Amino acid sequence: MELGYSFCPNDTFIFYALTHGKVPSPVPVREVLEDVETLNRWAFAGRLPLTKISYAAFAHLRETYVALRSGGALGRGVGPLLVAREAFEDLTGKRIAHPGRYTTAYLLLRMFAQGQPFEAVEFRYDRILPALQRGEVDAGLLIHESRFVYPRYGLVPIVDLGAWWEAETGLPLPLGAILARRDLGEERIRALDQAVRASLEYARAHPDEPWAYIKRHAQELEDAVIHKHIATYVNAFSLDVGAEGEAAVRELFRRAEALELVPRHEASPFLPRSAGKPV
């Protein structure tokens with residue numbers, strides 16, 4: 191079975207054991223590494239049976255996919271950063287680079303910028319900092335490793351969208367989820383959820399073992415940046431989204447629906463805790 195996830199250290203850390211046969215799995219799992227926005231777009235076609243995608247994309251796909259309880263990216267202090275060469279307060283008329291139409295980062299920016307119309311320009315996430323340096327855009331929305339290294343480029347923060355979200359809601363910020371296609375059936379989906387959790391537990395028990403794999407795919411190769419990335423994005427919500435994480439996701443969807451940024455849908459987004467309920 192193919193499993194799609196990004197090149198980022200949090201994903202390669204979590205899924206190393208699963209894709210290298212280190213933990214039990216109901217089926218062998220083969221990695222498909224891609225940029226998160228590519229994975230988002232593939233999910234609209236149902237291309238991968240198991241995939242990491244942005245919660246913003248998942249809001250459109252609740253009928254086709256269900257979120258596993260393990261392996262996702264939620265937390266506090268994890269938000270996308272809007273940065274620029276010079277400080278400004280109003281986004282109106284600004285040309286802003288973002289990492290993809292269906293990324294949670296872009297959804298949050300649209301929610302934050304109500305009443306401040308801006309020009310959105312899509313770049314792959316690792317090309318936003320160079321575009322800012324070249325002066326192609328007025329500001330850039332950073333995710334992944336880029337949010338840890340932007341000061342090196344002489345840039346200043348405009349808004350931390352994670353801090354904004356937490357101040358608005360009191361909840362952790364949902365970024366990305368591991369989804370299984372609902373047609374896999376509940377029994378297999380539950381077994382895959384257990385395998386993802388076991389993969390993360392293996393990585394935590396053997397943190398040095400996946401290091402070469404992580405560095406081979408990381409955008410930023412400095413050990414300190416990689417360690418900080420993993421420490422930030424791999425947390426208790428990665429093991430199990432929990433009640434607070436579920437509440438955060440439902441609130442993100444509710445607010446986006448109210449602004450008509452995503453379609454309304456009644457399907458439960460998460461794999462139920464107990465067996466016997468349809469997924």
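Under the numbering used here, the first residue of the sequence shown carries the number 191, and numbering increases by one thereafter. C-beta: ideal position from N, C-alpha, C; glycine also. Computed from a prediction, not measured in an experiment: that's the story for all the values here.
Residue i - DSSP class collapsed to helix/strand/coil
i, result
"Thr-254", "coil"
"Ser-389", "helix"
"His-210", "coil"
"Val-268", "coil"
"Arg-186", "What the structure shows of the chain is the stretch from 191 to 469, and residue 186 is not part of that stretch, so it cannot be assessed."
"Gly-360", "coil"
"Phe-460", "strand"
"Glu-312", "strand"
"Val-346", "strand"
"Val-339", "helix"
"Ala-421", "helix"
"Val-273", "strand"
"Thr-282", "coil"
"Gln-306", "coil"
"Val-415", "helix"
"Leu-229", "helix"
"Asp-398", "coil"
"Arg-496", "In the structure displayed, the chain extends from 191 to 469; residue 496 sits before or after that span and is not available."
"Glu-326", "coil"
"Leu-351", "helix"
"Arg-454", "coil"
beta-carbon residue i near the ligand NAD non-hydrogen atom, thresh 8 Å
i, result
"Leu-264", "The ligand NAD is not part of this structure, which contains no ligands at all."
Beta-carbon gap between residue i and residue j smaller than 9 Å
i, j, result
"Ala-257", "Pro-453", "no"
"Ile-348", "Ser-336", "no"
"His-455", "Glu-227", "no"
"Leu-351", "Leu-299", "yes"
"Ala-353", "Gly-269", "yes"
"Thr-294", "Pro-362", "no"
"Arg-378", "Val-217", "yes"
"Tyr-245", "Val-439", "yes"
"Ala-408", "His-396", "no"
"Ala-235", "Phe-248", "no"
"Leu-251", "Ile-368", "no"
"Tyr-343", "Gln-323", "yes"
"Val-339", "Val-415", "yes"
"Ala-321", "Phe-313", "yes"
Residues sharing a beta bridge with residue i, DSSP
i, result
"Tyr-195", "Leu-223"
"Lys-242", "Ile-368"
"Ala-263", "Gly-366"
Span of the alpha helix (DSSP H), counted from its first residue to its last, around residue i
i, result
"Arg-444", "432–448"
"Leu-319", "318–323"
"Phe-302", "294–302"
"Ala-235", "Segment: none, Ala-235 is in no alpha helix (DSSP H) and carries neither H nor E."
"Ala-249", "Premise fails: Ala-249 is in no alpha helix (DSSP H) and is neither H nor E."
"Leu-429", "426–429"
Enclosing beta strand (DSSP E) for residue i [first to last residue]
i, result
"His-288", "285–288"
"Leu-331", "329–332"
Residue-level contact to chain C via CB, residue i, 9 Å cutoff
i, result
"Arg-378", "Protein chains in the displayed structure number just one, and chain C is not present."
If you pair each beta-carbon of the region 264–275 with each one of the region 320–339, do three or more pairs fall below 8 Å? yes
Hey, is the region 367–378 in contact with the region 281–296, meaning 3+ C-beta pairs nearer than 8 Å? no
Answer yes if the region 260–272 comes into contact with the region 421–429, meaning at least three C-beta pairs across the two stretches below 8 Å, and no otherwise. Result yes; three or more Cβ-Cβ pairs closer than 8 Å.
Does the contact criterion of 3 or more C-beta pairs under 8 Å hold for the region 212–227 versus the region 410–426? no
Mind the definition here: the region 384–398 touches the region 195–207 only if three or more C-beta pairs lie below 8 Å; say whether that holds. yes
I want to know whether the region 332–343 touches the region 304–312 - three or more CB-CB distances under 8 Å. no
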